[in-house]
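Student: One structure, pasted below without further comment.
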Amino acid sequence: MSRRNRSFSVNSASKQQQVLMNRSLDDLETVLATAKRDWKQLNTSARNPLELALPLLDDSSVGLAHRYDEFQQLGRKVDATLRTAVKQHYDEFSNSIGSYGMLVKTISESQDETTEVRQMLAESSHELNDRKDMLSDLNQSSKRYTDMLVILEAIEELQACSERLDLAIAEKRFFQAHSVLAKAFSVAEAHGLWSLTALSGTRQHLESQENNLFDVIMEELHSVLYLKNATDVLRLVHTMDPSLDPAACTFDHMDVADKAMALNTKLTKFLGQTFTNELQGDDLGLSADFSTDMLAYIRSLLAVTKRMNRLDQALPVLIARHPAEYHQMVLGVTKEVRLEYASQLKTLAGLSAEALDVVGEMSADVVQSLFARVFVKTLVMLQGHRVVHETVAALASAGERKEMDYSFNSVWEPTRNELGSLIVAYISDDADVRGKRSSHKKTLFQYANISYATDSPHSRDLQSSLQSLFPGLAVTGASSLYLENEAFIHQDTLVPGSVLHMRAILDKFLVFCTASEFVFPVPTVDPALLFSPTKETPPMGFFADIMESNFAPQLEQYVMLRYTALTDGSDSFDTAVYDASQPPVFRSAIGFHNIFFELCEMFNTSAAFRPRYTNIVLKSLQIFTEKYALFASELLPDETSTSQISQWMQSAELHDVSLALVRGEGSDHTLQREIKLMLAEGIAIFNIGSHELFKAEAFDQTAQLLHSVSWVLSWLARVRCAVEETEPKDDWMFYEAPSQSDNSAVSLKKDHISIKLSGEALQVFDECVLHLGLLLDKALLTLRYDLGCKAIYGMGRLFNRQDWAPSGESKECDEAIVTFNKDILTCNNKLRHALDPAQKRGVLLGLPELIDQLLILGSDVIKLLNENGVKKMFLDISVLRQMLRTVTDNPEDVKFTLSLAYYDLFNSAERGIIQKVKDGESFFNFKQNRNMLRLVFSESVQSQNNFISGRNSIYSSGTSPSMKMYHEAVSKLQEAFGEHLER
């Protein structure tokens, strides 16, 4: 039975109708927006008609009855707008209803067709699974036959690679050899050939050839780096010194920068190239020729090792072999020169160093030729290692750079040591000097300095060590423990060493170091400073080290011997008179004065600033300063000492205050501040022991040290002459003596001698003067503090050992005062003979004021005082005052006003003490007045306490009538201090 499908038509709206339809919807939205705005009650989610109807019927003031007509009008407007919208969209609604049936039919037909397709797919899949096993077997057979053909072709290719590899290595086509090797391993790994037992021999051969390729590359690299086959070195030697004439090689006639730039032309050009991509690309070849482009050849060899993934193994080998390779290179140059100058060397054989000084030109050609070649070959070798450094940096990836960092210092340091030893050997006059200056460190054992005699200490020590390791070992007779290689151990110079050989070495040495400045890798290089020698870089630091640490010490040797003769000895710190109008000084100070002026006259330091010779003079000043600093450290207390002097010295505030006083820069307030700081511990300060005081000999030596240093500083200040630093053209000239015109124009009497200083030399001079000045201050304060400690110790003995409540009046002062007076008078005599008046005044300044305060502070120690004790105190003070007036410059200032006034309070009793405070006439603080009240009541309190302790009394020792009176007096005293402060 067939069904009739309902048909429908879709009428498209005209443009005008579409406008009307859109407008009707716009009107409807406008009406709805008005309703939402004006009737918010309609916007709630729960719209109950009653909630809106009731307010519309309410005609009260809160109701909406007055808007009922407006609401009806809104309803009519909404109704009309909706009807218009429905009318305009009638056709749209009809079309939607008509299309619903068609959509349902179409979906049903699609579902039937999908079911039929699913059944067909299931049947096809079943048929394919039935034939899968047969197809798989056919596929496996085809694949197996194909793999067999590929493996056979790979084996043939692998055998061909082995033959090509041998040929490439033999012809030094390293890049091609690596490519063949890489291809062979790639083919073998791709086809799993190494699993075949028949190819194990081929694999071992290829691995052996891989190692052989690496070894050949390393040997080739060393051959290039160390110029084993170089032919153009003589051209570079000519560049360094065209004339080979030592007389022409002066600083005035040689352009060091131009020669350095010429020697680095190839390296400069090479470093200016951008070769990072070339090194990592596939087009790298070996077109570079060693004789024409050595640097590019080195780069190519390193690139091959990188492609072999063995660059990290090559770098340690280069560094480890460098010392031996460079040593052999130097030996080769020496052999060349020995053959070239055979006749001259034969003539020079047997001549001593003294004879060579006379006929030095005979050996100058030999030394000059030797070092010209050594310096040039060394420079070219360093250029090669710079290329290695740059190439490694370019080849290594970001993660490999830390592991593959090729340190240029690892090459430079052995080069510096070998080259330095060679230079020192030729400029040293004897083996002892050479050995001393070739190393700055003390070496326990050196094979180069072995004595091969069987009875030498080296042989005995070695034999003892060997016998402890091998008990059966025994060396008898004259046989030696060593196997001696004459060719390596005994490296004699071509000519005997002489300091004059530096004339033939110096210019080429400077050119080499200047050229090496550019070779040394730096992060950034200013082109304007490339060839400016500075001590801050390793090459110029090497130059300065050789010149200053090896050459200059030979010149300094005489100076040091002369200095030792004049300043050292068992009597160096004995006194002697240099000027009859001055106190005596140490003999070593006089000797230093003589050698200092002798050197200034010898080097003519008054004429110009000459750093090399000035440094020799300053060396004597530094040694003198160190010697006196050592003597002072042994004589004066240091920071580790527990003495009172040391504690005062470590107080920065007290140190500054005391210095201001001894320098005459202080006032009475400053002196009172010093005394307060010194007595800050209170009565505990009296615990000073006699071991903390200076003995007579130490006090005398400290005074002599003080005046000796002061005398040296006086004439050092006179000879100091600061000038503007200039670069002297003859800074390293040999043995230049003042000309006759200079001798006639300049009087070199000691009164006119000065030493011109600038830059670092001026700083060294000022530092030595500063250290001597600090030593002077320390000695001055030590003497001052020692007298203070003696005063504290003496007053402590006075208060601790004296009975201050005697039954009768005494006519003699205490023994402690007598002993103290003797000590002070003895010290005063030593100071008068050792120091000038100003220094003596600085040491003794403030001593009476300190003792005045100690006499008041010591009252805290007194337990019992009566009138006889006060009279005893007045007698002791009088004796102290009389003694101090004999040692000070102003006797009238020694009055002891405070201590006399303080103990006079005892006679005023408690009322007098309190009344003076009320009247503002008291010189003392509350604590001091309270202590005097204690002393006033001390005798009565003691008497009542004794009475109470002997009888059964209603009072205790703390509540006796006298004690109550004391406490009442203290309260009144406190009130008096309060009233005085209020006024």
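Counting with numbering that gives the first Met the number 0, you get residues 0 to 982 for the letters of the sequence shown.
Think of the CB as a built atom: it goes at the ideal place given N, C-alpha and C, for glycine as much as any other residue.
Values in this document were obtained by computation on a predicted structure and should not be read as measured data.
1) Counting beta carbon pairs with one atom in the region 782-790 and one in the region 817-830, are three or more of them shorter than 8 Å?
2) To the nearest angstrom, how far is the alpha carbon of Ala607 from that of Glu600?
3) How far does the alpha helix (DSSP H) with Ile855 in it extend, from its first residue to its last?
4) Three or more beta-carbon pairs under 8 Å between the region 164-180 and the region 292-312, yes or no?
5) Just verifying my parser: in three-state terms, what is the DSSP assignment at Asp525?
6) When you compare the CB positions of Ser632 and Leu780, do they come within less than 7 Å of one another, or not?
7) So, with DSSP's three-state summary, where would you put Arg172?
8) According to DSSP, is Val584 part of a helix, a strand, or is it coil?
9) Tell me the DSSP bridge mates of Ile754?
10) Give the C-beta separation of Ile674 and Gln852 to the nearest angstrom, bearing in mind that I take them to be a contact with Cβ-Cβ under 8 Å.
11) Which same chain residues, not among the five before or five after Phe936, have their C-beta less than 6 Å away from its C-beta?
12) In the DSSP assignment, the alpha helix (DSSP H) including Glu69 goes from what residue to what residue?
13) Would you decide whether Pro495 is buried or exposed? Buried here means 16 or more other CB atoms lie within 10 Å of its CB.
14) Comparing C-alpha positions only, which one of Ala908, Asp776 and Thr513 sits nearest to Ala628?
15) Can you give me the C-alpha to C-alpha distance between Lys926 and Gly807, rounded to a whole angstrom?
16) Please return the same chain residues whose Cβ sits closer than 6 Å to the Cβ of Lys871, not counting the five positions on each side in sequence.
17) Quick one: Cα of Val386 to Cα of Val518, how far?
18) Since Thr574 sits in a beta bridge, which residues does DSSP pair it with?
19) Cutting at 8 Å between CB atoms, please list the residues of its own chain near Ile615, excluding the five before and the five after it.
20) Got a sec, what are the start and stop residues for the alpha helix (DSSP H) Pro805 sits in?
21) Would you kindly work out how many angstroms separate the C-alpha atoms of Tyr577 and Leu705, rounded to a whole number?
22) Inspect the CB distances between the region 82-98 and the region 10-30 and report whether three or more fall short of 8 Å.
23) Quick check: what's the CA-CA separation for Glu50 versus Asp90?
24) Got a sec, what are the start and stop residues for the alpha helix (DSSP H) Tyr425 sits in?
25) For Ala313, which residues of its own chain have a beta-carbon under 6 Å away from its beta-carbon, when the five flanking residues on both sides are left out?
26) In the structure shown, what three-state DSSP assignment does Phe269 receive?
27) Taking Leu972 as the reference, give the member of Gln621, Asn408 and Glu909 with the closest Cα.
28) What did DSSP end up calling Asp659 once you bin it into helix, strand or coil?
29) Where does Ala395 fall in DSSP's three states?
30) Note down the Cα distance separating Glu339 from Ala721, rounded to an integer number of angstroms.
31) Alpha helix (DSSP H) containing Thr885: first to last residue?
32) Looking at the C-beta of Gly841, does it have a partner C-beta in chain B at a distance below 7 Å?
33) Can you check the region 626-687 for any alpha helix (DSSP H) of at least 4 residues that lies completely inside it and give the ranges in chain order?
34) With C-beta atoms as the reference, is Ala543 less than 7 Å away from Ala259?
35) Just the Cα atoms here: how many angstroms apart are Ala975 and Asp655?
Tutor: In terms of the structure at hand:
1) yes
2) In the sequence shown, the residue the question calls residue 607 occupies position 608. In the sequence shown, the residue the question calls residue 600 occupies position 601. Straight-line Cα distance between these residues: approximately 12 Å.
3) On the sequence shown, position 856 is the one that residue 855 refers to. Element bounds for Ile855: Leu846 to Leu856.
4) yes
5) Within the sequence shown, residue 525 is the residue found at index 526, counting from 1. Confidence at Asp525 is low in this model, with a pLDDT of 46, below 50, so its placement is unreliable and the value that follows should be read with caution. Coil.
6) Mapped onto the sequence shown, residue 632 falls at position 633. Mapped onto the sequence shown, residue 780 falls at position 781. No, the Cβ-Cβ distance between Ser632 and Leu780 is not below 7 Å.
7) Here residue 172 is taken as the residue at index 173 of the sequence shown, counted from 1. Reduced to three states, the DSSP call for Arg172 is coil.
8) In the sequence shown, counting from the first residue as 1, residue 584 sits at position 585. DSSP places Val584 in strand when its eight states are reduced to three.
9) By one-based count along the sequence shown, residue 754 stands at place 755. Note: Ile754 sits in a beta bridge opposite Arg719.
10) As a working note, residue 674 is residue 675 in the sequence shown. As a working note, residue 852 is residue 853 in the sequence shown. The Cβ separation is near 5 Å, so the contact holds.
11) As a first step, residue 936 is located in the sequence shown; it is residue number 937 there, counting from the start. Closer than 6 Å at Cβ, skipping near neighbours: Ser961 and Tyr965.
12) As a first step, residue 69 must be located in the sequence shown, where it is residue number 70. From DSSP, the alpha helix (DSSP H) with Glu69 extends over Tyr67 to Gln87.
13) Here residue 495 is taken as the residue at index 496 of the sequence shown, counted from 1. Result: buried.
14) Position 629 of the sequence shown, counting from 1, holds the residue named residue 628. Taking only the C-alpha atoms, the option nearest Ala628 is Asp776.
15) Residue mapping note: residue 926 aligns to position 927 of the sequence shown, counting from 1. Residue mapping note: residue 807 aligns to position 808 of the sequence shown, counting from 1. For Lys926 and Gly807, the distance between alpha carbons rounds to 30 Å.
16) For the purposes of this step, residue 871 is identified with residue 872 of the sequence shown, where counting begins at 1. Taken in chain order, the residues that qualify are Ser809.
17) Looking up residue 386 in the sequence shown gives position 387. Looking up residue 518 in the sequence shown gives position 519. Between Val386 and Val518, the C-alpha separation is close to 9 Å.
18) Against the sequence shown, residue 574 aligns to sequence position 575. Thr574 pairs with Phe585.
19) Indexing the sequence shown from 1 puts residue 615 at position 616. If we look at Ile615 and ignore the five residues flanking it on each side, its Cβ neighbours are Ala551, Leu554, Glu555, Val558, Leu598 and Phe602.
20) Residue 805 sits at position 806 when you count from the first residue of the sequence shown. First-last for Pro805: undefined, no H or E at that position.
21) Within the sequence shown, residue 577 is the residue found at index 578, counting from 1. Within the sequence shown, residue 705 is the residue found at index 706, counting from 1. The alpha-carbon atoms of Tyr577 and Leu705 are separated by roughly 16 Å.
22) yes
23) Residue 50 sits at position 51 when you count from the first residue of the sequence shown. Residue 90 sits at position 91 when you count from the first residue of the sequence shown. When rounded, the distance between both Cα atoms is 38 Å.
24) Here residue 425 refers to the residue found at position 426 of the sequence shown. Tyr425 -> alpha helix (DSSP H) spans Asn408 to Ile426.
25) Within the sequence shown, numbered from 1, the residue matching residue 313 stands at position 314. Annotation for Ala313: Thr304 place their beta carbon closer than 6 Å to its own, counting only its chain and skipping 5 residues before and after.
26) Against the sequence shown, residue 269 aligns to sequence position 270. Residue state for Phe269 is assigned as helix, using DSSP reduced to three classes.
27) If you number the sequence shown from 1, residue 972 lands on position 973. Checking every option, the nearest Cα to that of Leu972 belongs to Glu909.
28) Counting from 1 along the sequence shown, the entry for residue 659 is found at position 660. Here residue 659 is Ala; the residue named in the question, Asp, does not match the sequence. Three-state DSSP puts Ala659 in a helix.
29) On the sequence shown, residue 395 is found 396 positions in, with the first residue counted as 1. Ala395 falls in the coil class under three-state DSSP.
30) On the sequence shown, residue 339 is found 340 positions in, with the first residue counted as 1. On the sequence shown, residue 721 is found 722 positions in, with the first residue counted as 1. Cα atoms of Glu339 and Ala721: separation of roughly 52 Å, rounded to the nearest angstrom.
31) Indexing the sequence shown from 1 puts residue 885 at position 886. Unbroken alpha helix (DSSP H) run through Thr885: Glu866 to Val886.
32) Although the question refers to chain B, the structure presented lacks it and comprises just one protein chain.
33) 643-649, 651-661 and 667-677
34) Here residue 543 is taken as the residue at index 544 of the sequence shown, counted from 1. Here residue 259 is taken as the residue at index 260 of the sequence shown, counted from 1. Not closer than 7 Å, so no.
35) Along the sequence shown, read from residue 1 onward, the residue named residue 975 stands at position 976. Along the sequence shown, read from residue 1 onward, the residue named residue 655 stands at position 656. Between Ala975 and Asp655, the C-alpha separation is close to 37 Å.
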